[in-house]
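A.B. asks:
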Amino acid sequence: MLNSRRLVLAHFWLAFTVFGLALVLGAWQMFIRSPLHTWISNPEWYYRSLTAHGTVMGYVFPTLVAMGFGYAISEVSLNQPLIGRKWAWAGFWLIVVGAVMAMIPVALGRASVLYTFYPPLIGSPFYYLGVVLVVVGSWIWVALMSVNLHAWKKANPGAPVPLPMFANVAGSYLWGWTAVGAALELLLQILPVAFGLKSTIDAGLSRVFFSWTLHAIVYFWLMPTYIAYYTIVPRAIGGKVYSDTMARISFILFLVVAMPIGMHHTFADPQVGAGFKFIHSAFTALVALPTLLTVFTICASVEIAARMRGGRGPLGWIRALPWSNPIMLAVAFSFVMLGFGGAGGLINMSYQLDTTIHNTQWITGHFHLIFGGAIVIMYFAIAYDLWPHLTGRAMRDLGLMRLQLWLWFVGMIVTTFPWHWVGILGMPRRMAYYDYTDPAVAPQAVSVMLSAIGGFILLASGLLFIVILLRAQRAPREEAGLYRFSAALHPPVAVPALNSYALWIALMVGLTVTNYGFPIAQLALRSDTSVPAVYVGANP
Amino acid sequence: MSDDNVLSPRDPWFRRAVGITAGIFVLTALGGFIVLPYAQPELKVSGLWDAICSAAGVVRTSSAQAPVQPDPKLTKVVITSALPATPAPDAIGRGATLAQQCAICHGPTGVSRADSPNLAGQYAASIYKQLADFKNGARVNAIMSPFAANLSERDMQDLAAYYAYLPRLPGYHPQQSQPAPKIVINGAPMRGVAPCGSCHGALDNKTGSPWLEGQPAAYVKAQLQAFASGERRNDISQQMRNIARRMTPEEIDQAAEWYASQPPTLIHTN
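Listed in order, the protein sequences are those of chains A and B. This note's numbering applies: residue 9 is where the first sequence begins, and numbers increase by one. This note's numbering applies: residue 474 is where the second sequence begins, and numbers increase by one.
1. Could you tell me which whole beta strand (DSSP E) segments of length 3 or greater appear in the segment 308-362 of chain A?
2. Taking beta-carbon pairs under 7 Å, can you tell me which members of the segment 656-670 of chain B lie near chain A?
3. Pull up the distance between the alpha-carbon of T186/A and that of S219/A, whole angstroms please.
4. Please determine if the segment 208-225 of chain A and the segment 275-284 of chain A are in contact, where contact requires at least 3 C-beta pairs separated by less than 8 Å.
5. With DSSP collapsed to three states, give me the class of V553/A.
6. When the cut-off is 8 Å and only beta carbons count, does F620/B lie next to chain A?
7. Three-state secondary structure (DSSP) at I740/B?
8. Using a Cβ-Cβ distance cut-off of 8 Å, determine whether D606/B contacts chain A.
9. Kindly say whether D550/B, judged by its beta-carbon, lies nearer than 8 Å to any beta-carbon of chain A.
10. If I'm right that Q698/B touches A733/B with Cβ under 8 Å, what's the distance once you round it to whole angstroms?
11. Determine, using beta carbons only, whether S475/B comes closer than 8 Å to chain A.
12. Go to L497/A, then tell me how far its alpha helix (DSSP H) extends in each direction, as first and last residue.
13. Under 7 Å between beta-carbons, which chain B residues line up against W47/A? List them in chain order, please.
14. Interface residues of chain B around F291/A at Cβ under 9 Å?
15. Please list the segments of the beta strand (DSSP E) lying wholly inside the segment 510-534 of chain A, counting only runs of 3 or more residues, in order along the chain.
16. Can you grab the Cα-Cα spacing for the pair T537/A / L531/A, in whole Å?
17. Which same chain residues, not among the five before or five after S618/B, have their C-beta less than 6 Å away from its C-beta?
18. Classify R401/A as helix, strand or coil using the three-state DSSP reduction.
19. Just checking: is the beta-carbon of L547/B within a distance shorter than 8 Å of some beta-carbon in chain A?
20. Could you check where the alpha helix (DSSP H) with V418/A kicks off and where it finishes?
21. Using 10 angstroms around the beta-carbon of H223/A, count the other beta-carbons present and answer buried if the total reaches 16, otherwise exposed.
22. By how many angstroms is the C-alpha of A593/B removed from the C-alpha of L230/A?
23. At what residues does the alpha helix (DSSP H) containing Y638/B begin and finish?
24. Report the three-state DSSP secondary structure of P3/A (helix, strand or coil).
25. Identify the contact partners of Q530/A in chain B, using a Cβ-Cβ distance below 8 Å as the criterion.
26. Using the C-alpha atoms, what's the distance from L604/B back to A621/B?
27. Could you name the residues of the segment 623-639 of chain B whose beta carbon sits closer than 8 Å to any beta carbon of chain A, in the order they occur along the chain?
28. With a threshold of 8 Å between beta carbons, is S132/A in contact with chain B?
29. In this structure, does DSSP put S475/B in helix, strand or coil?
30. Just checking my contact of H374/A with G353/A at CB under 8 Å: how many whole Å lie between their CB atoms?
31. What residues of chain A sit near T721/B, judged by a beta carbon separation below 7 Å?
32. What separation, rounded to the nearest whole angstrom, lies between the Cα atoms of V104/A and V693/B?
33. Is it the case that the segment 383-391 of chain A contacts the segment 337-347 of chain A, given that we only count it when at least three CB pairs across the two stretches are under 8 Å?
34. Straight-line CA distance for C672/B to P647/B?
35. Please list the segments of the beta strand (DSSP E) lying wholly inside the segment 187-251 of chain A, counting only runs of 3 or more residues, in order along the chain.
36. Are any of the Cβ atoms in chain A nearer than 8 Å to that of W522/B?
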């Protein structure tokens with residue numbers, strides 16, 4: 009059952025439209041700070057663009073994809089009409105209003121603070137209020153997912169919640185809790201200063217609050233991708249999920265340990281004690297566990313599909329896979345990028361190794377490879393898979409779809425590998441200008457040029473993606489049949505403890521208290537930790 | 474719901490999940506708060522509690538003695554964009570009366586003919602800060618220091634309000650069309666020098682930075698040299714000293730002469 013087609017389509021179209029715009033900005037940024045272009049003379053334009061790119065790609069785009077996909081999952085997997093569709097539209101419009109409200113001051117140069125806010129930099133209050141509206145809009149989605157699940161549970165007492173919905177609600181709860189950190193930072197620290205009620209700000213405490221959000225937000229971005237791995241890929245290539253229980257354990261682990269680990273983003277910050285940094289580093293290592301479980305389960309599921317198609321031999325089955333199927337191609341590319349990105353992540357989370365690459369272009373390369381690469385390529389796959397069911401029209405551009413995915417994969421590798429490399433050479437991030445004529449920087453010039461070329465390949469792929477969706481929207485009408493998610497090899501009969509969230513939410517909140525309670529309380533209670541705010545674009 | 478009794482301590486899932494989580498936390502806490510502090514000899518922990526406090530980031534007072542006071546004096550003015558508050562209604566009039574004694578160097582209309590800075594239309598925050606620093610001794614000048622010594626807080630605020638109120642005068646600048654030098658527009662990123670224009674006018678004006686267009690070249694040059702040599706040190710966090718030290722003598726000349734050749738910009742009037 010997919011009744012709320014317009015709702016889901018509205019989310020996806022808005023998501024991919026703003027994604028296309030932010031992609032143009034990203035390519036421009038890569039270009040103008042590379043040796044291919046002369047210095048633009050005013051760093052303000054660069055930071056303005058960077059703020060817009062980050063805000064759209066970090067907050068607006070993935071949130072809309074998760075919400076649209078979440079509404080579709082709720083209707084299809086629970087086989088019940090969406091409860092609270094009006095509220096869902098209200099959430100959507102809140103995001104539209106919030107995004108516009110945030111982007112106007114950014115475009116005017118009144119909020120060039122980057123999407124991570126960076127206090128004591130303070131921009132226009134409308135920028136922060138816009139971000140708050142986006143988050144509030146997404147909280148409506150969190151509530152609706154919970155309401156829909158409970159209605160289904162009431163109607164089906166004791167039955168195992170379908171895996172897509174179980175994962176979807178776990179993702180929504182993770183987001184609901186992890187967004188609290190940034191909300192506290194905005195409401196308690198930044199907005200009073202932005203409105204002029206205070207002129208000093210506790211930058212250290214603000215950064216600790218933001219780290220609460222900053223790491224788990226990545227897992228929120230990741231959730232639709234992992235849901236697609238488990239519930240779209242096996243069905244799309246003609247197989248079954250190897251283990252439904254393993255999938256549930258993975259999502260539960262994300263819920264518990266994705267959030268209380270964010271201080272590995274503040275390894276270089278003096279306001280956090282080394283003991284807490286160590287605890288966060290160790291818990292960050294744990295979050296590799298659900299990813300490894302997932303890689304194992306999906307590889308096993310894919311092998312099942314290959315053997316059902318007649319694949320033989322220890323590795324010979326790989327050739328039997330349906331490589332002409334865009335979903336197969338997307339998941340393979342996604343895994344390769346997840347592998348490289350994950351390996352880089354192990355370096356970032358190690359207290360000592362991090363010191364060599366902290367605040368360098370390595371980090372920017374890392375999160376583009378993981379988010380832009382492994383995650384977003386599966387967003388494309390989700391859109392390709394759902395589109396015929398949302399539009400009621402056939403998608404016939406299989407060749408174009410494969411080309412688009414190839415371009416994205418090649419573009420992302422060409423962009424991010426040199427990016428990692430110049431990071432190791434010591435190139436700092438968040439800078440608008442590099443003097444490539446200097447002997448110390450000259451050896452990085454070739455890598456930066458390659459990276460910029462990769463950025464244009466990505467732009468071409470992103471625009472091609474939108475063209476494919478537009479063409480599909482104009483194709484002749486055709487009934488796509490019933491949409492369904494993958495079946496498990498052994499369908500779940502009873503899943504004690506993996507059918508509800510209370511225990512896992514309690515552990516998540518408990519770990520938040522143990523891992524964040526003392527550092528936050530300590531900074532909040534001290535009176536000498538505030539610094540004068542620096543107003544962006546304010547009159548001197 | 475039937476599956477909600479998982480939250481009971483008697484449920485095996487509950488015991489296992491809570492036990493494993495608590496176990497990992499205790500292990501990592503032992504590592505972070507006890508093993509690691511002792512593993513770093515340079516940390517010199519005096520006992521178990523000291524090790525835990527150090528790892529938790531509790532501020533430790535390592536010496537009972539009072540902190541060393543810097544010599545010479547530092548500026549005590551904190552510049553925020555909220556400063557100064559709206560001047561009192563009679564501030565400009567009082568400031569004008571007080572400014573009589575400044576006119577001999579800074580000109581009766583706030584425009585100098587003696588290579589002293591032009592004050593007409595300068596930001597109030599900048600004028601106030603310099604007066605306060607002269608008075609406090611953070612900035613020293615044979616002529617200005619005695620003048621400032623007798624000024625009250627109110628006098629300094631009123632003088633700042635008066636000069637900020639005066640109109641900026643365009644003046645005679647025959648060479649204003651020459652292109653801005655690289656140091657003003659690009660700075661010298663490899664030496665960590667921000668563009669002059671990103672704070673002092675040409676690209677942008679930032680809180681607490683005076684605008685420089687039309688200021689006498691001799692004055693701007695002398696100040697940059699004084700910052701570079703450390704003779705002048707009332708800049709907050711050594712912002713200007715760090716910049717001036719890394720500028721070449723040619724860049725100092727170029728910046729001073731280019732700003733002197735520009736008419737005061739008419740945007741940003743208060």
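Where is the CB? At the ideal position from N, CA and C, for every residue including glycine.
C.D. replies: Checking against the coordinates, here is how it stands:
1. Runs of the beta strand (DSSP E) inside the segment 308-362 of chain A: none found.
2. Those residues of the segment 656-670 of chain B that come within reach of chain A (Cβ to Cβ, closer than 7 Å) are I658, N659, P662, M663.
3. Those two C-alpha atoms are separated by around 10 Å.
4. Between the segment 208-225 of chain A and the segment 275-284 of chain A there are three or more C-beta pairs closer than 8 Å, enough to call the two in contact.
5. Coverage of chain A is limited to positions 9 through 548, which leaves residue 553/A absent and any answer about it impossible.
6. False, the Cβ-Cβ gap to chain A never drops below 8 Å.
7. Here I740/B scores only 49 on pLDDT, less than 50, and its place in the model is too uncertain to base an answer on.
8. No, D606/B does not count as interfacial toward chain A.
9. Inspection of the sequence shows that residue 550/B is occupied by Val rather than by Asp. Output row for V550/B: interface = no.
10. Rounded, the Cβ-Cβ distance is 15 Å, inconsistent with contact.
11. Note that S475/B scores a pLDDT of 44, beneath 50, so its modelled location is shaky; the value from the coordinates is reported in the next line. Answer yes: the Cβ-Cβ gap between S475/B and chain A drops below 8 Å somewhere.
12. For L497/A, there is no enclosing alpha helix (DSSP H), as DSSP marks it with neither H nor E.
13. Result: N659.
14. Neighbourhood of F291/A in chain B, by CB distance below 9 Å: I497, F498, T501, in chain order.
15. You should have found no qualifying run.
16. T537/A and L531/A have their C-alpha atoms spaced approximately 7 Å apart.
17. Taken in chain order, the residues that qualify are F607.
18. R401/A: strand per DSSP, three-state reduction.
19. By this cut-off, L547/B is not an interface position.
20. Per DSSP, V418/A belongs to the alpha helix (DSSP H) from 406-432.
21. Classification for H223/A: buried.
22. The alpha-carbon separation between L230/A and A593/B amounts to approximately 58 Å.
23. Where Y638/B is concerned, the enclosing alpha helix (DSSP H) stretches over 626-638.
24. Outside the shown range of chain A (9 to 548) lies residue 3/A, about which nothing can therefore be said.
25. Listed along the chain, the chain B residues whose CB falls inside 8 Å of the CB of Q530/A are A529, G530, V531.
26. Their backbone Cα atoms lie some 6 Å apart in a straight line.
27. Those residues of the segment 623-639 of chain B that come within reach of chain A (Cβ to Cβ, closer than 8 Å) do not exist; the list is empty.
28. It does not: the Cβ of S132/A has no partner Cβ on chain B nearer than 8 Å.
29. Residue confidence for S475/B is low, a pLDDT of 44 falling below 50, so the modelled location carries little weight; the figure read from the coordinates is stated next. The answer is helix: DSSP assigns S475/B an H, G or I state.
30. That belief holds up - the Cβ atoms of H374/A and G353/A are roughly 7 Å apart, short of 8 Å.
31. The contacting residues do not exist; T721/B stays about 15 Å from chain A at best.
32. Looking at the two C-alpha atoms, the distance is approximately 50 Å.
33. Contact holds: three or more Cβ-Cβ distances are below 8 Å.
34. Whole-angstrom Cα-Cα distance: 25 Å.
35. Given a length threshold of 3 residues, the segment 187-251 of chain A has no whole run of the beta strand (DSSP E) inside it.
36. So, not an interface residue.
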